[in-house]
Amino acid sequence: MKKQHKVLLLLSVITIFIVFLSIGFDQLFGSTSDWLGQHIMFPDYFRKLFYETKNILPNYALNVGGGQNIFYLSYYGFLSPYILIAYLLPFINMTYYLIGINIIMVIASGYLCYRWLMNNRISFQISLVSAIIFLLINSLLFHAHRQIMFVNYMPFLMLSLIGVDKYFSHNKKGLYIISVFLMIMTSYYYSVGGLIVLVIYGIFKYLEINKKITLKNFIIDGFKFLLPMLLGVLLSSILLIPTVFAILYGRGDGVNVAFSLKDLFFPTYNINALVYNNYGIGFTSIVVIALVSGLFNKENRKLSIVLIILISIPIFSYILNGLLYIRDKVLIPFAPLFIILISSLFSNLEHKKITLKQLLIIVIGAISLSLIFNYNNIWFYVDIILNLILLSLYLIKDKKIIAYVGIVLIALTSNVIVNQNETYVSKEQYNELFNNSQEELIKKTIDSDGSFYRFNNLVDNTSLTINKVYDLRYYQTSLYSSTNNSYYYNFFNEVMNNAAPYRNAIMLAQSDNIMFQTLMGVKYILTDHDAPIGYHLVEHMESFSIYKNDNVFPLGYASKSLINKDDFEKLSYPYSVEALLKGIVIDKKVNSKLNTHIETLDVEYDYELDDNIKINNEGSKIIVDAKETSNINLKLKETLENKILLIKFKVIDAPNCKDGDISIKINNVTNKLTCKQWIYFNNNHNFEYTISSNDPISEVNIEFSKGHFEISGIEVFMLDYQYVESIKNDLDIFNVDMSKTKGDKIVGNINVTENGYFATTIPYDKGFTILVNGEDIEYEMVNQSFIGFPINKGNYDIEISYKSPGINLGKALSFSSLIVLIIILYREKKYKI
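Residues 516 to 1348 (my numbering) are what the sequence shown spells out, left to right.
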């Protein structure tokens, strides 16, 4: 067996050993966090969309979030080479495919690191040990089962570094260009850091090769070096250009963090960016020794200084995080540059270019600095002393193998601990989540109803199915994506006032808000508990049931009832929600009819308290203290039949993160307020609830999480559901032709009985083309979020199609760049050195 094959086998054994140790036989190599809800669901949807449309480059995702530009989802692997390969393997479940491909990605990253170091004339032993240390950085394997996009570009980054070496040694550009292209297509967000790594590496490679440098030559040669990188970027324009447009239009308000100049520019002792942290790079203390020892070495001094500046001055992290926050996750692409310093440390030890005195100074200095800045991770101090002992044995006793094995074992231990400190998806949980009964019920329902409608899955733990598309005929209102249609995001949260049951503010959850469901056309729901009012049982299997409501709105409708936007914005909740159902909100002067059927309710009740909860009235505030999750049961003196109960109040102050989040659940509807220091603080101080049931409401059960609550401004309202379900009778219905509605196109017809407006529940965005009886017409925003347009009495065939902004430019740039690449590859082959 060749040496390189033995290395590949060893790296594979180490990786699989850690994976098996972490998950055993009963769990999947995937986190219950975003891995399952996003990183599996979206690629599965992309593949379904391809099989349905036979289009590798669709523009629109009608099945999620009410309908979204598909480039809002590109972060999750749209057009990624990994996912495109899966298109060829329809017989492999996407979950298991991605588990396998991510393990292979980790192994490939380690192996390519080894090849890269060997190509740079690093000895076999040092290349192998350094590659193993790289394989064992905590972020690499950890995010292979959590936030895949943090690390899945790494094999292509390593190939790019090898490509840079070939550029300087043989003036070959092909590998360099292609690897940059693949890195961007895999993870456009982290490729920015990857490109900076290539620039830094290219500069130091240039300085190493050229002993005499003039500014003029440096600029000229630097420009030449950047050209292949630029071509790789341009090749990926088919993804980048539409994604940039989508980000500009779709950045929501999920993160609100303010920084002072001091926060951004004042250096910090940011050792967490380097060691152990799986949301940093995740080395052990060997990287600290290597980083500081580089300052003693003329060859590596500049690189050490650059990396110290990079990790210690927050502005760089802030920029790489897209000006959203300061987090060390964006430094993961810089791991290969630290590997250069680690391999150099070993090389200097081997050639006695570093002394025991220097080692002692480095370690004592690192310990002292860490104590001064109150770094209290005891493992770090144990780790760095162990590494000092191992390196001292190397220097004094020439115990090279013992030192290498010990250093690797420390890294292995750290990696095992991090990967075991994870909540993996159990096979039992996975099978329950994707229960065959659920899928069978949904499929049976879809097969029996050929019209267009939306579906909600309200089975417990909806956060994990928030992006699940069971069938291309399954359309839903929910979405959990880092970018989304900002108009729809605002509508969902601030206009319809849906409850916020999860920590993450960008989660647009499945909702049992009957007002929202009615407007958005949620005709069917799957649930394992009671359905909202207006839904009746149609199918049942095991503990799951399908409920149907025929009185929800269609995808499009026409109405003569119009509301001026300024008048609408003066309304408060819940009157604003009622108005959306009664009329179409437009930005034109019209005579708004804003009479209401909502009644203010003065609730009379008896109540029972848990022993673990205390309630006090303090003027305008109610103070609630719950020692643990506790309940208050209100028994209403007057039973409410066929009514919608609307409740709102304010939770004045958010808790500190040492105390955790707080939440209040009322009759199975939950609102959560996250702790104030959390980086994704959801700012959900206004708790609104839409409570409904087909059974008479005689009790209201309020569940408080453990915590301290200060509540003010409690208001309770009531609305007769018979009025809500009657509204549809006044609408002219847009009948969707499902045989022609596919991919980026929606086709249907409508008979308009009176002049007015045509409104849809398709979120407004740039890129739509609307043909009415074959004539291209202008559209506008209606109902604060959706596309619509004026319409007169008559019969109309309507076709709505979508093209992502920037897609034509992206295609043109990618195609032109491909021609240039082919010419370059042909010339390199023709003039092979």
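Even glycine gets a Cβ: it sits at the ideal position worked out from N, Cα and C.
Residue i versus the options, residue with shortest Cα-Cα distance
i       : options                           : result
GLY1098 : VAL1239, LEU643, VAL1251          : VAL1239
THR1144 : ILE1177, ASN1132, PRO1305, ILE826 : ILE1177
HIS1112 : LEU1023, PHE639, TYR1236          : TYR1236
TYR560  : ILE1061, LEU1333, LEU594, ILE1138 : LEU594
CYS1172 : MET669, ARG630, VAL712, TYR1195   : TYR1195
VAL1231 : PRO743, TYR794, LEU838, LEU1160   : LEU1160
LEU927  : ARG1342, LEU1336, MET516, LEU526  : LEU526
GLU947  : ASP1043, LYS867, MET620           : ASP1043
GLU1214 : ILE1248, ASN1186, ILE1147         : ILE1147
LEU884  : LEU749, ILE796, ASN785, ILE600    : ASN785
ILE494  : ILE847, LEU710, PHE1164, GLY709   : What the structure shows of the chain is the stretch from 516 to 1348, and residue 494 is not part of that stretch, so it cannot be assessed.
VAL528  : LEU910, ALA623, ILE735            : ALA623
Residue i versus residue j - alpha carbon distance
i       : j       : result
THR799  : LEU674  : 25 Å
ILE693  : ILE571  : 20 Å
LEU1340 : LYS681  : 14 Å
ALA881  : TYR704  : 33 Å
ILE1348 : HIS685  : The pLDDT assigned to ILE1348 is 40, lower than 50, so where the model puts this residue is not dependable; a value taken from the coordinates is nonetheless given after this. Roughly 7 Å between the two C-alpha positions.
LYS726  : ASN1005 : 58 Å
ILE834  : PRO1211 : 55 Å
VAL920  : TYR612  : 33 Å
LEU1155 : ASN972  : 27 Å
PHE1273 : LYS1243 : 14 Å
SER993  : ARG969  : 10 Å
LYS1180 : PHE1068 : 28 Å
TYR1002 : VAL1105 : 23 Å
GLN1032 : ASP1045 : 15 Å
SER1331 : GLY747  : 12 Å
ILE1128 : MET620  : 51 Å
LEU588  : LYS1221 : 36 Å
VAL1267 : ASN1250 : 12 Å
LEU599  : GLU1343 : 28 Å
SER966  : LEU1070 : 10 Å
LEU956  : VAL1297 : 35 Å
GLU499  : PHE760  : Limits of the chain in this structure are 516 at one end and 1348 at the other, which puts residue 499 out of reach.
Where the beta strand (DSSP E) containing residue i begins and where it ends
i       : result
ASP1140 : 1136 to 1141
ARG661  : Segment: none, ARG661 is in no beta strand (DSSP E) and carries neither H nor E.
LEU1077 : 1077 to 1079
PRO1278 : 1271 to 1278
HIS1223 : 1222 to 1235
ASP492  : As shown, the chain starts at 516 and ends at 1348. That puts residue 492 outside it, with no answer to give.
MET1296 : 1295 to 1297
Test item: CB-CB of residue i and residue j under 8 Å
i       : j       : result
SER1107 : GLN542  : no
ASP1280 : ASN863  : no
PHE780  : ILE828  : yes
VAL790  : VAL807  : no
ASN982  : GLY581  : no
TYR1120 : LYS1142 : no
LEU1052 : SER1060 : yes
ILE1029 : THR1185 : no
ASN653  : ASN617  : no
SER1319 : GLY1263 : no
For residue i, the first and last residue of its enclosing alpha helix (DSSP H)
i       : result
MET633  : 609 to 634
SER1178 : Segment 1177 to 1181 is the beta strand (DSSP E) holding SER1178; no alpha helix (DSSP H) there.
THR547  : Here THR547 belongs to no alpha helix (DSSP H), and DSSP marks it neither H nor E.
LYS817  : 816 to 827
GLU955  : 951 to 963
PHE853  : 850 to 865
MET1056 : Here MET1056 belongs to no alpha helix (DSSP H); instead the beta strand (DSSP E) covers 1051 to 1056.
Heavy atom of the ligand PLP within 7 Å of residue i beta-carbon
i      : result
LEU856 : Inclusion of the ligand PLP in the displayed structure is not the case, the ligand content being empty and no account of it being possible.
> Any chance the stretch 1017 to 1036 sits against the stretch 594 to 606, with 3 or more Cβ pairs inside 8 Å?
Replying inline: The way I'd put it, the stretch 1017 to 1036 doesn't touch the stretch 594 to 606; fewer than three beta-carbon pairs between them come closer than 8 Å.
> Looking at C-beta atoms only, is the number of pairs between the stretch 1291 to 1301 and the stretch 717 to 728 that lie closer than 8 Å three or more?
Replying inline: Because the criterion of three Cβ pairs below 8 Å is not met, the stretch 1291 to 1301 and the stretch 717 to 728 do not touch.
>> Check whether the stretch 870 to 878 and the stretch 893 to 907 touch, using three or more Cβ-Cβ pairs below 8 Å as the test.
In response: Cβ pair count under 8 Å is three or more, so yes.
> Three or more beta-carbon pairs under 8 Å between the stretch 845 to 859 and the stretch 643 to 651, yes or no?
Replying inline: Judged by pairs of C-beta atoms under 8 Å, the stretch 845 to 859 touches the stretch 643 to 651, as three or more such pairs exist.
> Are the stretch 1281 to 1292 and the stretch 1312 to 1320 in contact at 8 Å, needing three or more beta carbon pairs?
Replying inline: They touch, by the three-pair rule.
> Below 8 Å, can you find three or more Cβ-Cβ pairs linking the stretch 533 to 549 to the stretch 656 to 670?
Replying inline: Flag = yes, the stretch 533 to 549 and the stretch 656 to 670 touch.
> Counting pairs of beta carbons, one from the stretch 569 to 588 and one from the stretch 628 to 636, are three or more of them closer than 8 Å?
Replying inline: The stretch 569 to 588, when compared against the stretch 628 to 636, does not touch it at the 8 Å Cβ threshold.
>> With a threshold of 8 Å, are at least 3 pairs of Cβ atoms found where one atom belongs to the stretch 1223 to 1233 and the other to the stretch 1129 to 1145?
In response: Yes, they touch.
> Three or more beta-carbon pairs under 8 Å between the stretch 1088 to 1095 and the stretch 1063 to 1077, yes or no?
Replying inline: The stretch 1088 to 1095, when compared against the stretch 1063 to 1077, does not touch it at the 8 Å Cβ threshold.
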